[in-house]
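As structure tokens, the structure follows; a few thoughts come after it.
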Amino acid sequence: MTAPSPTVFIVDDDEAVRSSLRMLIRSVGLQARAFGLAHEFLDAYAPDLPGCIVLDVRMPGMSGMEMQQELNRRGATIPVVFITGHGDVPMAVEAMQHGAFDFLQKPFRDQDLLDRVQRALERDAQTRAAFTARATIRERIQSLTPRELEVMRLVTMGKANKVIGAELGVSQRTVEIHRAHVMEKMQANSLAALVRMALDAAQDTENS
Amino acid sequence: MLRPNGKSPATTAASTDRPQPHSRHPVLVVDDGGPHVLEIERLLTAMRVSWEACGPGRDTLDAVRREAACLIAHCGNGKEIPGPLIEAVHQVAPGLAVIVVIDNPDVADTVAAMRGGAHAVIEGGALATGLLHQVFSLLQSA
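First to last, the protein sequences are chains A and B. When the letters of the first sequence are read in order and numbered with the working numbering, they come out as residues 6 to 213. When the letters of the second sequence are read in order and numbered with the working numbering, they come out as residues 1263 to 1404.
Written out as structure tokens, the structure reads:
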């Protein structure tokens, strides 16, 4: 199954802006979907769809900032590029502090927006790839037996097989067998790779 | 060079009605000798925030090695966004909030500074409201 192509979601209450942005984005071969209200976008948004959002700050009903905060509450990582005709420094600071990917003041050059959209899509692809990699590591860790998990913990602490054996009350040979199983199940081709996976998993647990 | 607020030239600052923020660590102000620094120090004193001044460059890095609530650096007209300074500070003190004061910044300067790792950008002409908002929220969330 191939991954869906990224979509640029445009959320702006101004029909003329929506049309021109949709046309601009499609002109470089990207998919674009436009929404006139934040709620319309939120109702339609599926987090598994890759892409980015070009979001107007000022809209009737839910503002762009409020929509960004709602996305944060939902744990969405999709990059948001704000556009506004009335931007100022405090507004840009607030948007960036809440995790906006970029903030662009209207009127802007077409190429400036396209460059930012391109960078936002790259960021989204990186985030999704990292998420997939972490999920894969989680699955592999879940496939370990409790004993293998214990051996992995001690191995990644830098302990030698002999020391691990003594700690667990098993022979060095038994540790070697568990260690081989761990390396195989984790698909780690080196101790360094295993340590990286363990660190990623620990980070993942910390963040969740 | 560290200059604690006890020796600050600030004497005429008005007090604020806000609840006083609590932080075990001082706010560090990079003293580059510019006119904004005295104003920043005066306002922090008025806000009853504990602050210390430190010199630019290596002096700043030495200062952030000790604990600090945040660092405030003035960086001229925004064309001198202190990306390397922020990067160096974060190497020594990861996660330390760096508030950048820029004279007449535009939105692009602001976004560039924020992307460069600044916690916030304050306009030189709006120091009082900017500091009040950014420093208070930082200290209160600490």
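For every residue, glycine included, the Cβ atom is placed at its ideal position computed from N, Cα and C.
- Task: Give the interface partners of Q110/A over in chain B, defined as CB-CB distance under 9 Å, in chain order.
- Result: Reading the first sequence from its first residue, position 105 is the one you call residue 110/A. Within chain B, the residues near Q110/A are D1368, V1369, A1370.
- Query: Between which two residues does the alpha helix (DSSP H) harbouring V62/A extend?
  - Reply: Residue numbering aside, residue 62/A sits at position 57 when the first sequence is read from its first letter. Note, V62/A: premise wrong, no alpha helix (DSSP H); not H, not E.
- Give me the Cα-Cα distance between D1294/B and E71/A, rounded to the nearest whole angstrom. As a working note, residue 1294/B is residue 32 in the second sequence. As a working note, residue 71/A is residue 66 in the first sequence. Between D1294/B and E71/A, the C-alpha separation is close to 38 Å.
- Task: Can you check DSSP and say which residues form a bridge with Q147/A?
- Result: Translated into the one-based positions of the first sequence, residue 147/A becomes position 142. Per the DSSP secondary-structure output, Q147/A pairs with nothing in a beta bridge.
- Query: Starting from Q36/A and walking both ways along the beta strand (DSSP E), at which residues does that stretch end?
  - Reply: Taking the first residue of the first sequence as 1, we reach residue 36/A at position 31. Going by DSSP, Q36/A is part of the beta strand (DSSP E) stretching over 36-40.
- Quick one: residues in its chain with C-beta nearer than 8 Å to the C-beta of R1327/B, no 5 flanking neighbours on either side, listed in chain order? Indexing the second sequence from 1 puts residue 1327/B at position 65. Around R1327/B, the same chain offers V1354, A1355 as residues with beta carbons nearer than 8 Å, after the five sequence neighbours per side are excluded.
- Taking the alpha-carbon positions, what's the L42/A to L1333/B distance? Within the first sequence, the letter at position 37 stands for residue 42/A. Within the second sequence, the letter at position 71 stands for residue 1333/B. Distance from the CA of L42/A to the CA of L1333/B, rounded to the nearest whole angstrom, comes to 39 Å.
- Message: Can you pull the chain B neighbours of M70/A, defined as C-beta to C-beta under 7 Å?
- Response: Residue mapping note: residue 70/A aligns to position 65 of the first sequence, counting from 1. The contact set of M70/A on chain B, defined by CB atoms closer than 7 Å, is empty, because the minimum CB distance reaches about 15 Å.
- Does the region 89-106 of chain A come close enough to the region 35-52 of chain A to have 3 or more Cβ pairs within less than 8 Å? These segments do not touch.
- A197/A classed as buried or exposed, judged by whether at least 16 other C-beta atoms fall within 10 angstroms: The residue labelled residue 197/A in the question sits at position 192 within the first sequence. It counts as exposed.
- Message: To be precise: take each residue of the region 1376-1403 of chain B, compare its Cβ to all Cβ atoms of chain A, and keep it if any distance is under 7 Å. Which residues remain?
- Response: For the region 1376-1403 of chain B, which is checked against every Cβ of chain A, the residues closer than 7 Å are M1376, A1382, V1383, E1385.
- Item | Exposure label - V33/A; buried when at least 16 CB within 10 Å | Stepping through the first sequence from its first residue, residue 33/A is reached at position 28. By the neighbour-count criterion, in which a residue is buried when 16 or more other Cβ atoms sit within 10 angstroms of its Cβ, V33/A is exposed.
- Three-state secondary structure (DSSP) of Q192/A: Here residue 192/A corresponds to residue number 187 of the first sequence, with the count starting at 1. Residue state, collapsed to three classes: coil.
- Look at the alpha carbon of L35/A and the alpha carbon of E211/A, and state the distance between them as a whole number of angstroms. Residue 35/A sits at position 30 when you count from the first residue of the first sequence. Residue 211/A sits at position 206 when you count from the first residue of the first sequence. Distance from the CA of L35/A to the CA of E211/A, rounded to the nearest whole angstrom, comes to 36 Å.
- Message: Please classify R79/A as buried or exposed, where buried requires at least 16 other C-beta atoms within 10 Å of its C-beta.
- Response: Looking up residue 79/A in the first sequence gives position 74. Classification of R79/A: exposed, given that the 10 Å Cβ count is below 16.
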